[in-house]
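Heads up, the thing below is written out as structure tokens.
2 protein chains.
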Amino acid sequence: MTTPRLDDAALDAIFRTARSFNGYTDEPVADAELEAVWELMKWGPTSANQLPARLVWVRTPDGKEKLAACATGTNPDKIRQAPATVIVGMDTDFHEQLPWLFPHADARSWFAGNAELRQASAFRNSTLQGAYLMIAARALGLDIGAMSGFDAGEVDKAFFADTPSVHANFIATIGHGDPATVHDRLPRPDFGTFNRFA
Amino acid sequence: MTTPRLDDAALDAIFRTARSFNGYTDEPVADAELEAVWELMKWGPTSANQLPARLVWVRTPDGKEKLAACATGTNPDKIRQAPATVIVGMDTDFHEQLPWLFPHADARSWFAGNAELRQASAFRNSTLQGAYLMIAARALGLDIGAMSGFDAGEVDKAFFADTPSVHANFIATIGHGDPATVHDRLPRPDFGTFNRFA
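From first to last, the protein sequence lines are chains F and C.
Note that my numbering has the first sequence beginning at 22, numbered continuously upward.
Note that my numbering has the second sequence beginning at 22, numbered continuously upward.
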């Protein structure tokens, strides 16, 4: 089993020439395209197959207004304009699903009664899934723009009131990017700046 | 600017047929291949270009023994056997780099004096970078196996003693995967289980 290297066009599409978008063209995005993002990202690894991410794909005018009301700065307008905005939530009671997600060990018992470990694990692993989501969207020909500028407590009240163990982690707009909305590219240092061998 | 969709072989390589490996073949991995992982993953987005990940690529016998001594369960042997294990650390003082990483605003001031926000931001964004690292490694024809089974405090003492603002987040072995070391694939639910539209 030799893992093949992706060609340059693919490396460009998911990393090297990919950009964060602040606005999108009128080209529509179908629900099925968003479902396909999940069907791809779900294969990315999480610790003990926790899969703690709980995703809300905001598509309707009412949903967009509700989410825009929780966002800060220029983010409300981005949410209104984008074909979709996904809320990456995390379930701190993810361990209740482990008997079927990780059936060969009693993984539920590793987390039951340890809220601090569950919080850190849900945060880490839902964030991994959020990164998989962004790469998967790009791999399927979509563009994204992630945002941290929102009131997480308000998003929880507006979208996760019925599931109190679920909390918003970050959000991202999705669509076909409008190149006019891209900022100048920010610096990315060479290997030696933030890396070393040991 | 239309983002091209990756072909099926590429989608398989980074997500659909990719697996987490517990052991690797004898095929060597060059330092330059690990540097290439950084040169690809560094383009993945982080909030305000924080780039808080600090990566230690453990390659030497001494380094492997030092890291193995911090790991639990079967992880010490995996670290010894793998061509490389990367420690994904996070710098909670990442904001000191923002004057040059995010030069068009005083982003440093958003984080100075707010240790709680810096902790959450460093954790979230270094984890995103860890996910980019895993996908980038696969995209370049390498295989990986992420691990949370280690004592983070001991890793900090062994590898980050000179940089007290840097803390271990997670670790991952890297090499050319030995298919004999792969476990049965764990369930991945359909869209409706952990997703909804709003």
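Using N, Cα and C, we set each Cβ at its ideal position, and we do this for glycine too.
Since the structure is predicted, the reported quantities are computational estimates derived from the model, not experimental observations.
Task: Sequence-distant residues of its chain with Cβ nearer than 6 Å to residue 41 of chain C (five each side left out) - done: The residue given as residue 41 of chain C occupies position 20 in the second sequence. Sequence-distant Cβ neighbours of residue 41 of chain C in its own chain, meaning closer than 6 Å and more than five residues away, are 166.
Task: Beta-carbon proximity check, residue 43 of chain C vs residue 99 of chain C, cutoff 9 Å - done: In the second sequence, the residue the question calls residue 43 of chain C occupies position 22. In the second sequence, the residue the question calls residue 99 of chain C occupies position 78. With respect to the 9 Å criterion, residue 43 of chain C and residue 99 of chain C are classified as neighbours on the basis of their beta carbons.
- [ ] Determine the direct distance from the alpha carbon of residue 133 of chain C to that of residue 119 of chain C, and round the result to whole angstroms.
- [x] Numbered from its first residue, the second sequence carries residue 119 of chain C at position 98. Numbered from its first residue, the second sequence carries residue 133 of chain C at position 112. Rounded to the nearest angstrom, the two C-alpha atoms are 11 Å apart.
- [ ] Run down chain F in chain order and give the residues with a C-beta less than 9 Å from the C-beta of residue 151 of chain C.
- [x] Indexing the second sequence from 1 puts residue 151 of chain C at position 130. Within chain F, the residues placing a beta-carbon under 9 Å from that of residue 151 of chain C are 145, 148, 149 and 152, ordered along the chain.
TODO: Output yes if chain F places a C-beta closer than 9 Å to the C-beta of residue 192 of chain C; else output no.
DONE: Residue mapping note: residue 192 of chain C aligns to position 171 of the second sequence, counting from 1. Taking CB atoms only, residue 192 of chain C has no neighbour in chain F less than 9 Å away.
Open item on the list: For the pair the region 75–91 of chain F and the region 164–182 of chain C, tell me if three or more CB-CB distances fall below 8 Å.
Closed with: Taking a cut-off of 8 Å on C-beta distances, the region 75–91 of chain F does not touch the region 164–182 of chain C, as fewer than three cross pairs fall below it.
Open item on the list: Comparing C-alpha positions only, which one of C:64, C:26, C:113 and C:95 sits nearest to residue 188 of chain C?
Closed with: Residue 188 of chain C sits at position 167 when you count from the first residue of the second sequence. Ranked by how close their Cα comes to the Cα of residue 188 of chain C, the residues C:64, C:26, C:113 and C:95 have C:113 in first place.
Open item on the list: Using only the alpha-carbon positions, how far apart do residue 135 of chain C and residue 28 of chain C sit?
Closed with: Against the second sequence, residue 135 of chain C aligns to sequence position 114. Against the second sequence, residue 28 of chain C aligns to sequence position 7. Taking the straight line from one Cα to the other gives about 44 Å.
Task: Minimum length 3: unbroken beta strand (DSSP E) runs contained in the region 158–196 of chain C - done: Those beta strand (DSSP E) runs which fall completely within the region 158–196 of chain C and span 3+ residues are 164–168 and 187–196.
Task: 8 Å CB neighbourhood of residue 203 of chain C in its chain, flanking five on each side removed - done: One-based indexing of the second sequence puts residue 203 of chain C at position 182. Excluding sequence neighbours, residue 203 of chain C sits near 40, 41, 42 and 43.
- [ ] Within the same chain, show all residues whose beta-carbon is closer than 6 Å to that of residue 103 of chain F, passing over the 5 residues directly before and after it, in chain order.
- [x] Within the first sequence, residue 103 of chain F is the residue found at index 82, counting from 1. Excluding positions up to five away in sequence, the list reads 45, 194 and 196.
Open item on the list: Between residue 44 of chain C and chain F, is any beta-carbon pair separated by less than 9 Å?
Closed with: Here residue 44 of chain C corresponds to residue number 23 of the second sequence, with the count starting at 1. It does not; no Cβ of chain F falls within 9 Å.
TODO: Answer yes or no: does any C-beta atom of chain F fall closer than 9 Å to that of residue 81 of chain C?
DONE: Here residue 81 of chain C corresponds to residue number 60 of the second sequence, with the count starting at 1. Output row for residue 81 of chain C: interface = yes.
Open item on the list: Does residue 222 of chain C pass the burial test, meaning 16 or more other C-beta atoms within 10 Å, or should it be called exposed?
Closed with: In the structure displayed, chain C extends from 22 to 219; residue 222 of chain C sits before or after that span and is not available.
Task: Neighbouring residues, chain F, relative to residue 156 of chain C (Cβ below 8 Å) - done: Here residue 156 of chain C corresponds to residue number 135 of the second sequence, with the count starting at 1. By Cβ distance, chain F contributes 35, 65, 152, 153 and 156.
TODO: Taking only beta-carbon positions, decide if residue 186 of chain C is within less than 9 Å of chain F.
DONE: The residue you call residue 186 of chain C lines up with position 165 of the second sequence. Output row for residue 186 of chain C: interface = no.
- [ ] Check the Cβ-Cβ distances between residue 41 of chain C and every residue of chain F, and say whether any is below 9 Å.
- [x] Taking the second sequence and counting its residues from 1, one reaches residue 41 of chain C at position 20. At a cut-off of 9 Å between beta carbons, residue 41 of chain C contacts chain F.
- [ ] Identify the continuous alpha helix (DSSP H) that holds residue 36 of chain C and give its terminal residues.
- [x] Against the second sequence, residue 36 of chain C aligns to sequence position 15. For residue 36 of chain C, there is no enclosing alpha helix (DSSP H), as DSSP marks it with neither H nor E.
Open item on the list: Less than 6 Å between C-beta atoms, sequence neighbours within five positions excluded: which residues of the same chain meet that for residue 200 of chain C?
Closed with: Position 179 of the second sequence, counted from the start, is the residue given in the question as residue 200 of chain C. No residues qualify anywhere along the chain.
Task: Burial state of residue 53 of chain C, where buried means 16 or more other Cβ atoms lie within 10 Å - done: Taking the second sequence and counting its residues from 1, one reaches residue 53 of chain C at position 32. Result: exposed.
Open item on the list: Measuring straight from C-alpha to C-alpha, what distance separates residue 58 of chain C and residue 174 of chain F?
Closed with: Within the second sequence, numbered from 1, the residue matching residue 58 of chain C stands at position 37. Within the first sequence, numbered from 1, the residue matching residue 174 of chain F stands at position 153. Those two C-alpha atoms are separated by around 36 Å.
TODO: Using alpha carbons as the reference points, say which of F:176, F:206, F:158 and F:208 lies closest to residue 222 of chain F.
DONE: Because chain F spans 22 through 219 in this model, residue 222 of chain F falls outside it and cannot be assessed.
TODO: Pick out the complete alpha helix (DSSP H) segments inside the region 80–141 of chain F, 4 residues or longer, and give them in chain order.
DONE: Along the region 80–141 of chain F, the alpha helix (DSSP H) occurs as fully enclosed runs of 4 or more residues at 82–89, 96–102, 119–122 and 129–132, listed in sequence order.
Task: Within-9 Å CB hit, residue 219 of chain C to chain F - done: The residue you call residue 219 of chain C lines up with position 198 of the second sequence. Yes, residue 219 of chain C lies at the interface with chain F (some Cβ there is under 9 Å from its Cβ).
Open item on the list: Does any residue of chain C have a CB that is nearer than 9 Å to the CB of residue 125 of chain F?
Closed with: Residue mapping note: residue 125 of chain F aligns to position 104 of the first sequence, counting from 1. At least one chain C Cβ lies under 9 Å of residue 125 of chain F.
Task: residue 215 of chain C and residue 72 of chain F closer than 9 Å at C-beta - done: The residue given as residue 215 of chain C occupies position 194 in the second sequence. The residue given as residue 72 of chain F occupies position 51 in the first sequence. Yes. Within cutoff.
TODO: Would you kindly report the start and end of the unbroken alpha helix (DSSP H) that includes residue 215 of chain F?
DONE: Translated into the one-based positions of the first sequence, residue 215 of chain F becomes position 194. 212–215 is the span of the alpha helix (DSSP H), which, as asked, contains residue 215 of chain F.
Open item on the list: Please return the same chain residues whose Cβ sits closer than 8 Å to the Cβ of residue 179 of chain C, not counting the five positions on each side in sequence.
Closed with: On the second sequence, position 158 is the one that residue 179 of chain C refers to. Here residue 179 of chain C has 87, 88, 90 and 91 as same chain residues with Cβ atoms under 8 Å from its own Cβ, once five neighbours each way along the sequence are excluded.
Open item on the list: Please report the distance separating the alpha-carbon of residue 78 of chain F from that of residue 160 of chain F.
Closed with: Position 57 of the first sequence holds residue 78 of chain F. Position 139 of the first sequence holds residue 160 of chain F. Using only the alpha carbons, I get a separation of about 18 Å.
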